[in-house]
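Taken in order, these protein sequences are the chains called S and F.
Residues 3 to 309 (the working numbering) are what the first sequence spells out, left to right.
Residues 431 to 825 (the working numbering) are what the second sequence spells out, left to right.
Using N, Cα and C, we set each Cβ at its ideal position, and we do this for glycine too.
This structure is a prediction, so every number in the text was calculated from the model and none was measured.
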Amino acid sequence: MKLIFTFSFFLISFICWAQAPSYCIYLMSGDITVSAKGKPAEKAKLNQFLSDNQELKLGGKAQLTLVTRESKYLVLNTPGTYPVANLSQNLKNYPPGVTQKYVSLLWKDLVASQDNFSSVRKSASVGTMGGVHRGDDCGGLVFPTPGLHTSEDNIRFTWRTIPKSGNYELVILDDQLNDVLVRQVADTIVNVNISKELGGKMGNFYWTVRLKTSCEIDPAPFAFVTKEQEEKSVGSEQAFQSITDPIQQLSAIDQLVKDGWIYRAFRYFDKLVKNNPGNKMLSGQYAMLLLQYGFSKEAEEVYDLGK
Amino acid sequence: MKTWHIIKESALVTTMSLILFYLLTLAPVKKKYYKVMPGGVDFEVYDLIFTGSMKPGIINDTNIVLVELGDTRGEIADQLNILNKYHPKVIAVDAIFSSEGEQLENLKMEMALEQNDRIVMGSLLVDTPALHVEKGVFSAAAKDKVGYININADKMTSVVRSYYPFARINDSMQRSFTSEIVRLYDDQAYQKLRQRKNEIEMVNYSANLENYFNISKEQLPDYDSTGQLDKLKDKIILMGFFKNQPPLVLEDLHFTPMNPVFSGKSFPDMYGIVIHANILSMILSDQYINMASKNMSYVYAFIITFLFSLFIIEAHYGDNNPRLKKLGLIQYIIIVLVGYIFIQLFHYTRYKVYLEPIVVSMVISIVFLSYYKSLANFLHKKFKYRTIFAEKPKT
Numbered sequence: 003m004k005l006i007f008t009f010s011f012f013l014i015s016f017i018c019w020a021q022a023p024s025y026c027i028y029l030m031s032g033d034i035t036v037s038a039k040g041k042p043a044e045k046a047k048l049n050q051f052l053s054d055n056q057e058l059k060l061g062g063k064a065q066l067t068l069v070t071r072e073s074k075y076l077v078l079n080t081p082g083t084y085p086v087a088n089l090s091q092n093l094k095n096y097p098p099g100v101t102q103k104y105v106s107l108l109w110k111d112l113v114a115s116q117d118n119f120s121s122v123r124k125s126a127s128v129g130t131m132g133g134v135h136r137g138d139d140c141g142g143l144v145f146p147t148p149g150l151h152t153s154e155d156n157i158r159f160t161w162r163t164i165p166k167s168g169n170y171e172l173v174i175l176d177d178q179l180n181d182v183l184v185r186q187v188a189d190t191i192v193n194v195n196i197s198k199e200l201g202g203k204m205g206n207f208y209w210t211v212r213l214k215t216s217c218e219i220d221p222a223p224f225a226f227v228t229k230e231q232e233e234k235s236v237g238s239e240q241a242f243q244s245i246t247d248p249i250q251q252l253s254a255i256d257q258l259v260k261d262g263w264i265y266r267a268f269r270y271f272d273k274l275v276k277n278n279p280g281n282k283m284l285s286g287q288y289a290m291l292l293l294q295y296g297f298s299k300e301a302e303e304v305y306d307l308g309k
Numbered sequence: 431m432k433t434w435h436i437i438k439e440s441a442l443v444t445t446m447s448l449i450l451f452y453l454l455t456l457a458p459v460k461k462k463y464y465k466v467m468p469g470g471v472d473f474e475v476y477d478l479i480f481t482g483s484m485k486p487g488i489i490n491d492t493n494i495v496l497v498e499l500g501d502t503r504g505e506i507a508d509q510l511n512i513l514n515k516y517h518p519k520v521i522a523v524d525a526i527f528s529s530e531g532e533q534l535e536n537l538k539m540e541m542a543l544e545q546n547d548r549i550v551m552g553s554l555l556v557d558t559p560a561l562h563v564e565k566g567v568f569s570a571a572a573k574d575k576v577g578y579i580n581i582n583a584d585k586m587t588s589v590v591r592s593y594y595p596f597a598r599i600n601d602s603m604q605r606s607f608t609s610e611i612v613r614l615y616d617d618q619a620y621q622k623l624r625q626r627k628n629e630i631e632m633v634n635y636s637a638n639l640e641n642y643f644n645i646s647k648e649q650l651p652d653y654d655s656t657g658q659l660d661k662l663k664d665k666i667i668l669m670g671f672f673k674n675q676p677p678l679v680l681e682d683l684h685f686t687p688m689n690p691v692f693s694g695k696s697f698p699d700m701y702g703i704v705i706h707a708n709i710l711s712m713i714l715s716d717q718y719i720n721m722a723s724k725n726m727s728y729v730y731a732f733i734i735t736f737l738f739s740l741f742i743i744e745a746h747y748g749d750n751n752p753r754l755k756k757l758g759l760i761q762y763i764i765i766v767l768v769g770y771i772f773i774q775l776f777h778y779t780r781y782k783v784y785l786e787p788i789v790v791s792m793v794i795s796i797v798f799l800s801y802y803k804s805l806a807n808f809l810h811k812k813f814k815y816r817t818i819f820a821e822k823p824k825t
């Protein structure tokens with residue numbers, strides 16, 4: 003009987019221990035969400051317990067300190083997604099041993115000859131450069147142009163090709179510069195249903211493209227507003243259509259461009275060109291505007307229309 | 431008789447090698463001579479223990495919290511006001527306030543300092559015109575709780591391996607920044623540090639910035655408003671310059687043995703405030719590095735070189751002209767092994783022995799032996815000096 007009791011006690015203890023959460027949130031700052039399979043992501047809370055079936059997502063500049071069941075502290079401060087079950091790998095990540103480092107030192111500095119640079123050629127010859135980048139396409143964001151205002155659901159993000167950058171990472175950040183959308187992209191043009199992706203969130207945002215090269219592109223601000231706010235700011239389309247003088251219409255479009263309402267300007271210009279078929283000057287100007295913001299295919303079509 | 435001669439001649443070769451080494455260390459080329467190490471300028475083989483030894487993201491010492499220092503005195507005063515609310519045991523400001531500054535900001539600082547009598551301010555040990563401490567404008571407000579923030583490095587590119595815990599200036603003893611913090615935090619640990627009576631302490635590095643709780647200046651008000659700072663109670667708060675998001679900023683950034691590149695040049699790896707944190711961790715956990723004295727190193731050098739000389743003289747006895755290449759290879763292997771053994775000894779016991787006398791005397795001994803051989807033969811012919819080199823090898 004005693005034996006059964008003891009066995010049961012250990013069995014229950016073991017099961018209970020296995021069920022206990024693996025981590026607890028000790029300190030946190032920035033945009034951090036927790037999600038479990040089949041459940042929507044929620045904002046992480048202080049002292050929240052985390053179990054292995056959950057996933058953590060850290061936005062830009064977020065920092066999270068977790069405490070384990072064994073009272074060890076683990077800090078995460080790189081943006082990304084972390085399955086809780088994989089965090090134990092960080093704790094087990096042992097640095098190289100003394101013997102390994104000693105042998106490496108002997109090999110690199112005493113044995114491996116560097117007279118002909120053969121040992122370093124592969125890694126060092128393309129490792130770094132003795133100069134700086136100037137006039138590169140590092141700041142190659144094309145559209146949305148800084149200061150864009152729009153209520154369009156779909157926004158086309160365009161940037162210039164950056165050599166040797168591999169895949170691009172399109173990032174949309176909130177006004178606190180926390181990542182709100184990160185998307186791996188192979189091309190330099192991507193259409194994003196901004197309304198859906200941001201979950202209907204409106205306001206001021208930034209966007210940038212992260213690269214695998216040393217180039218860092220400063221985020222460009224843009225504002226995503228409701229249709230009503232747009233109408234309120236720039237007036238209705240009917241008001242524009244009521245202007246009959248094409249010069250005044252062009253002037254109104256120019257003002258829209260200056261104020262960052264580029265999509266609205268495109269729409270007005272489109273109407274203006276269609277209402278004046280064969281007007282090469284108008285179609286040429288519209289094509290130039292489209293080209294300026296990276297809409298090259300559309301520019302070609304408009305130019306052809308004017309022929 | 432043969433054994434006695436081998437022992438005598440090994441002892442002679444060893445002694446002379448060590449004397450020659452000692453004379454070399456007295457020569458004005460000493461520094462350059464020491465620095466001729468493979469791969470880099472400021473390199474020490476014991477650095478291997480610390481190189482890349484930290485586990486990223488794992489907090490090592492929960493007693494210490496690093497807080498990024500504000501840019502202005504007003505900002506620092508605001509930070510102190512926030513921190514004071516949570517009753518840390520000691521707050522230490524790793525900065526020098528030597529200029530007069532703005533009156534309003536100074537007033538804010540003084541008011542913040544008056545709220546807490548356990549705030550340590552940084553001072554600076556200066557040697558011109560004579561050795562003295564520049565305490566800065568807030569030493570009085572901090573009730574003279576100051577400690578010099580100097581670390582033992584002659585220039586910015588030097589590797590910081592040690593520091594001076596105390597400095598004697600005109601019969602008064604000045605405490606370093608960390609010694610002053612320990613005095614306020616843990617008297618027992620402070621007494622232990624004093625009793626060691628070491629002019630220089632080697633730093634037993636155990637962590638970099640990411641292995642301490644660290645709070646940026648932007649995070650501090652955020653943590654304060656979300657009630658996360660109650661964890662600061664009874665901790666040591668070190669306020670200094672650092673950036674907890676990459677890249678490293680080249681201000682108050684130093685080379686340490688923890689640099690992932692252990693030979694050759696690289697980017698500095700540790701902020702000054704983190705070096706102080708490592709010193710504190712070492713003192714509070716009583717994990718000091720113990721240095722063997724120079725004399726003790728010479729004793730080790732004598733024993734090892736003597737055994738090596740025994741081996742090569744024995745080889746000479748068996749074969750009057752053993753191949754130098756073979757001996758050189760054996761010498762090389764023994765030096766590598768000796769280095770490895772002492773590194774492992776340091777790794778497990780934090781007992782550090784100067785390797786220079788050992789390695790150099792072993793290198794010299796094999797060269798010296800050929801000179802000794804000629805000398806012994808000459809003395810044998812002239813004065814009947816008894817040497818094994820004069821005997822015919824036994825067949």
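Got a sec? Which residues, its chain only, sit under 6 Å from residue i by beta carbon, not counting five neighbours each side?
i: Ala64/S; result: Gly32, Asp33, Ile34
i: Ala522/F; result: Val550, Ile611, Leu668
i: Lys647/F; result: Glu498, Gly500
i: Ile760/F; result: none
i: Thr8/S; result: none
i: Ser696/F; result: Asn689
i: Ser197/S; result: Asp155
According to the neighbour-count rule (16 or more other Cβ atoms, all chains shown, within 10 Å of its Cβ), is residue i buried or exposed?
i: Ala188/S; result: exposed
i: Arg598/F; result: exposed
i: Phe412/F; result: The requested residue 412/F does not occur in the structure, where chain F is confined to residues 431 to 825.
i: Tyr781/F; result: exposed
i: Met541/F; result: exposed
i: Arg71/S; result: exposed
i: Lys103/S; result: buried
i: Asn195/S; result: exposed
i: Val182/S; result: buried
i: Glu302/S; result: exposed
i: Leu107/S; result: buried
Considering only DSSP beta bridges, list what residue i is partnered with.
i: Gln186/S; result: Glu171/S
i: Lys59/S; result: Thr35/S, Thr83/S
i: Thr101/S; result: The partner list for Thr101/S (beta bridge, DSSP) is empty, contrary to what the question assumes.
i: Lys782/F; result: Met721/F
i: His684/F; result: Met700/F
i: Ser606/F; result: Tyr578/F
i: Ala597/F; result: Gln604/F
With distances taken from CA atoms, which of the options is nearest residue i?
i: Pro42/S; options: Val275/S, Asp54/S, Ser298/S, Leu58/S; result: Leu58/S
i: Trp434/F; options: His517/F, Leu740/F, Arg605/F, Phe451/F; result: Leu740/F
i: Ser715/F; options: Asn490/F, Ser440/F, Met446/F, Leu442/F; result: Asn490/F
i: Asp30/S; options: Met283/S, Phe7/S, Thr80/S, Asn277/S; result: The identity of residue 30/S in the sequence shown is Met, whereas the question assumes Asp. Nearest C-alpha to Met30/S: Thr80/S.
i: Arg185/S; options: Leu107/S, Ser285/S, Gly40/S, Val211/S; result: Val211/S
i: Lys661/F; options: Lys622/F, Tyr516/F, Asn628/F; result: Tyr516/F
i: Met726/F; options: Ile788/F, Ile742/F, His746/F, Gln675/F; result: Ile788/F
i: Asn277/S; options: Gln243/S, Ser90/S, Ser298/S; result: Gln243/S
i: Arg266/S; options: Ser153/S, Asn195/S, Glu230/S, Asp247/S; result: Ser153/S
i: Leu880/F; options: Asn511/F, Gln533/F, Ala745/F; result: Examination of residue 880/F is not possible in this model, given that chain F is present from 431 through 825 alone.
i: Glu232/S; options: Asp155/S, Thr160/S, Thr163/S; result: Asp155/S
i: Leu805/F; options: Met792/F, Ala570/F, Phe819/F; result: Phe819/F
i: Val704/F; options: Tyr815/F, Thr455/F, Val766/F, Phe671/F; result: Phe671/F
i: Ser298/S; options: Val173/S, Lys234/S, Ile191/S; result: Ile191/S
By Cβ distance, which residues of its chain are closer than 8 Å to residue i, with the 5 residues on each side in sequence left out?
i: Val259/S; result: Ala267, Leu291
Hey, is residue i close to the ligand ATP, as in C-beta under 7 Å from one of its heavy atoms?
i: Ile788/F; result: This structure does not include the ligand ATP; it has no bound ligands of any sort.
Pairs of beta-carbons, one from the segment 680-692 of chain F and one from the segment 478-496 of chain F, closer than 8 Å: are there three or more? They touch, by the three-pair rule.
Should the segment 613-623 of chain F be called in touch with the segment 46-60 of chain S, which here means at least 3 C-beta pairs below 8 Å? no
Below 8 Å, how does it come out for the segment 500-514 of chain F and the segment 523-542 of chain F: are there three or more Cβ pairs, yes or no? yes
Is there contact between the segment 647-667 of chain F and the segment 434-448 of chain F, where contact requires at least three CB pairs shorter than 8 Å? Too few Cβ pairs lie closer than 8 Å, so no.
Would the segment 221-235 of chain S count as touching the segment 200-207 of chain S if we require 3 or more Cβ pairs under 8 Å? Yes, the segment 221-235 of chain S is in contact with the segment 200-207 of chain S.
The segment 576-595 of chain F in contact with the segment 627-640 of chain F per 3-pair CB rule at 8 Å: yes
Between the segment 273-289 of chain S and the segment 244-255 of chain S, can you find at least three pairs of beta-carbon atoms closer than 8 Å? The segment 244-255 of chain S vs the segment 273-289 of chain S: in contact.
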